[in-house]
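Notes follow the structure.
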């Protein structure tokens, strides 16, 4: 998104937090185990730890889905199991937080800082992910599923961006309907049709992107050396692992 828009959104969230803090002081606002915070996207109201379940756990899983470890993925199922705890610890380590595998005020504050009002991570947007149409229709899944798949992949890419020193990562293609996919000569079973497929270009080498993606929950990685992928790196979330970038040692 434009830098100016991003700055104004951050200033707006900061102002809202200041107002909330002042209100909490005046009226004695408290929470049970979570941060006293009101976020335009999603607000957690309790501390989360192993064995818990619910929509708040699922929302946490979406945002830490880019920290499963090499070659792994975590389920977005609302159940706080060992894989979720391990991903949370990696997220906490990545941002210099207390790495205890428990999601409390520090973890939530970092997540609030990382998300925009529409729940996308601050460095990626639905608009850049979908240059095909305005409503996410016409793909291999429903529009709502394609949009959700894109959201999860955005958070994975946000984790990858941070691991690469927070340098920008650029998308040349994201979601495609069948007609958009056909127009660019995409594969008939392309992950772009599901909302989670993306083609990356830009500041990092294609091999560096493909290599790093192995740590962030992407099961579909195609790059240099794979037919038709010498000028970009493709990432997606296929049901089974499919990695091929021979020129990069993958």
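In our numbering, the protein residues as written are 23 to 272. Yeah, the Cβ is synthetic: ideal placement off N, Cα and C, and Gly gets one too.
One Cα belongs to residue 261, the other to residue 220, and the distance between them is close to 16 Å.
Your pair residue 88 and residue 181 checks out as a contact, with CB atoms roughly 3 Å apart and the cut at 8 Å.
DSSP places residue 179 in the uninterrupted alpha helix (DSSP H) bounded by 165 to 185. In this structure, residue 232 keeps its C-beta atom at 7 Å or more from the C-beta atom of residue 202. Counting along the chain, residue 200 sits inside the alpha helix (DSSP H) bounded by residues 200 to 205.
Residue 133 carries a helical assignment under DSSP once its states are collapsed to helix, strand and coil.
In the assembly as shown, residue 249 is an exposed residue. Its beta-carbon has fewer than 16 other beta-carbons within 10 Å. Residue pairing for residue 258: DSSP places it in a beta bridge opposite 242.
Across the structure, residue 139 and residue 150 are spaced so that their CA atoms are roughly 16 Å apart. The beta-bridge partner set that DSSP reports for residue 117 is empty.
Excluding sequence positions up to five before and after residue 125, its CB lies within less than 8 Å of the CB of 66, 69, 70, 71, 82 and 110, all in the same chain and listed in chain order. As the crow flies, the alpha-carbon of residue 213 is around 13 Å from that of residue 160. Separation of the CB atoms of residue 113 and residue 86 is rounded to 5 Å, and the pair is thereby assigned contact status at 8 Å.
In summary, residue 206 is exposed, with fewer than 16 beta-carbon neighbours lying within 10 Å of its beta-carbon over all protein chains present.
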